[in-house]
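Written out below as structure tokens is the structure these notes cover.
In my numbering, the protein residues as written are 963 to 1347.
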């Protein structure tokens, strides 16, 4: 009978319980509106882990950067249970992980929530409930967790320690880590320490990896710039994800969010484009900018050629430029000394990036005055005689 084929109430409840405590299995399916092919930026970021030790995911708000990128990949490494489609970095053994946020509260409310779910009965986050071996409390943080122990597929135990940038660079001293996930911006000193923790000290052993997921509200910081200007064949990789590349955001949700965002933050919060964000002094949208060409030697050569040909000149009133120009030099190894050179760098950028668009305003043609005479009706046209 048909009734015999229907699932029982107990079976339905058991299935709902399993889905709630194994949320990671619902991410990036093969089919459906949220299938993984509709998340090309996320897939590219994961795959790049096989070739790059440092990766930056610049994304707008709500594109899934914290949960669907940072937490998702961290849990794959913690458990060793990689999906068949995974083309990124793999670890065949238990791993030691750091996950760090802006401060203790945001680390608890964002990273801890993404990994564990809501307490006190953890298990509805990205880490499957039956793989959570235990946790330790975070001193001074109500309901905060400091360390999470996770069962690895090999039978061993992985661990992830939750940290925050406001605890200072000293808190990031320590031993080797296989994976470090930083969510939002950190100061350069902390990033340097994080990177040091992932460098291998054993010959033949590969380095660990650093994942950075952030919305660039503070503009072109040194961390963002280092990734954007890095060579493509180097250890660094970055990608930018917009609202248009996050199919889980409905048009209605996008419209509602758009209205709530100040105009000067919209590029950063919707497209992952570095802006002045909440630190802006002038509360209006930024200029339409594009990256400048930063080829040092090519820029110096181009400027030198223009100076020699009399096509590039500097006004005598530019005293600061003149001071930099006199001090612009190379060291004993022939490398350009990078100090007191901001205006000279700006000149290089202008010549390499904007020379083709620099023109003088065309002169307006001078109208010609044409003199002519009109014959008199009485025939006494004396000018014509």
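Every residue, glycine too, gets a C-beta built ideally from N, C-alpha and C.
- Applying the criterion that 16 or more other CB atoms from any shown protein chain within 10 Å of the CB defines a buried residue, is residue 1062 buried or exposed? Residue 1062 comes out buried.
- Are residue 1008 and residue 1140 touching if we call contact CB-CB under 8 angstroms? Their beta carbons are not under 8 angstroms apart, which means residue 1008 does not touch residue 1140 by this criterion.
- Message: Taking the straight line between their C-alpha atoms, what separation do you get for residue 972 and residue 985?
- Response: So the alpha carbons of these two residues sit roughly 20 angstroms apart.
- Query: From this set, 970, 1177, 1310, which residue's C-alpha is nearest residue 1147's C-alpha?
  - Reply: Closest option to residue 1147, judged by alpha-carbon separation, among 970, 1177, 1310: 1177.
- Among 1109, 1059, 1303, 1097, the one whose alpha carbon lies nearest that of residue 1144: Selected option, being the one with the closest Cα: 1059.
- Item | Inter-residue spacing [alpha-carbon to alpha-carbon] between residue 1239 and residue 1207 | Below a pLDDT of 50, predicted positions are generally treated as unreliable, and residue 1239, at 46, falls in that range; no measurement from the model is reported.
- By Cβ distance, which residues of its chain are closer than 8 angstroms to residue 1313, with the 5 residues on each side in sequence left out? Excluding sequence neighbours, residue 1313 sits near 1261, 1264, 1265, 1268, 1274.
- residue 1219 to residue 1080, Cα distance in whole Å? Straight-line Cα distance between these residues: approximately 25 angstroms.
- Within 10 angstroms of the Cβ of residue 1025, are there 16 or more other Cβ atoms? Answer buried if so, exposed if not. By the 10 Å Cβ count, residue 1025 comes out buried.
- Message: Can you give me the C-alpha to C-alpha distance between residue 1277 and residue 1032, rounded to a whole angstrom?
- Response: Going from the Cα of residue 1277 to the Cα of residue 1032 covers about 52 angstroms.
- What is the rounded straight-line gap between the Cα of residue 1229 and the Cα of residue 1064? Roughly 22 angstroms between the two C-alpha positions.
- Message: Rounding to the nearest angstrom, what Cα-Cα distance links residue 1152 and residue 1130 in this structure?
- Response: Between the alpha carbons of residue 1152 and residue 1130 lies a gap of roughly 8 angstroms.
- Whole-number beta carbon distance between residue 1172 and residue 1236, since they are thought to touch under 8 angstroms: At roughly 19 angstroms, the Cβ-Cβ gap does not stay under 8 angstroms, so residue 1236 and residue 1172 are not in contact.
- Item | Selected residue, minimal CA-CA separation from residue 1088, among 994, 1112, 1295, 1105 | Here the closest residue by C-alpha is 1112.
- When we look at the beta-carbon of residue 1013 and count the other beta-carbons within 10 Å, is it buried (16 or more) or exposed? Within 10 angstroms of the beta-carbon of residue 1013 lie fewer than 16 other beta-carbons, which makes it exposed.
- residue 1287 versus residue 1303 - alpha carbon distance: For residue 1287 and residue 1303, the distance between alpha carbons rounds to 8 angstroms.
- If we call anything under 8 angstroms between Cβ atoms a contact, is residue 1055 one with residue 1126? No, the pair does not count as a contact, with Cβ atoms beyond the cut-off.
- Query: Cα-Cα, which of 1091, 1290, 1100 is closest to residue 1070?
  - Reply: The residue with the shortest Cα to Cα distance from residue 1070 is 1100.
- Per DSSP, which residues does residue 1019 bridge with? Please list them. Partner(s): 1175, 1201.
- Just tell me which of 1257, 1004, 1167, 1316 has its CA closest to the CA of residue 1029. The shortest C-alpha separation from residue 1029 is found at 1004.
- Under three-state DSSP, which class holds residue 1137? Of the three classes helix, strand and coil, the one that applies to residue 1137 here is coil, per DSSP.
- C-beta atoms of residue 1124 and residue 1107 nearer than 8 angstroms: Yes; because the gap between Cβ atoms is below 8 angstroms, this pair is in contact.
- What are the boundary residues of the alpha helix (DSSP H) that includes residue 1224? Unbroken run through residue 1224: none, as it is neither H nor E.
- Query: Do residue 1015 and residue 1256 have their C-beta atoms within less than 8 angstroms of each other?
  - Reply: No, the Cβ-Cβ distance between residue 1015 and residue 1256 is not below 8 angstroms.
- When the Cα atoms are used, what is the spatial distance from residue 1011 to residue 999? One alpha carbon belongs to residue 1011, the other to residue 999, and they sit about 18 angstroms apart.
- Query: Given residue 995, which residues of its chain have a CB within under 8 angstroms of its CB, disregarding the five upstream and five downstream residues?
  - Reply: Excluding its 5 nearest sequence neighbours in each direction, residue 995 has C-beta neighbours in its own chain below 8 angstroms: 1209, listed in chain order.
- Message: Our contact map puts residue 1022 next to residue 1232 with C-beta atoms below 8 angstroms; I'd like the distance itself, whole angstroms only.
- Response: Taking C-beta atoms under 8 angstroms as the contact rule, residue 1022 and residue 1232 qualify, at a distance of about 4 angstroms.
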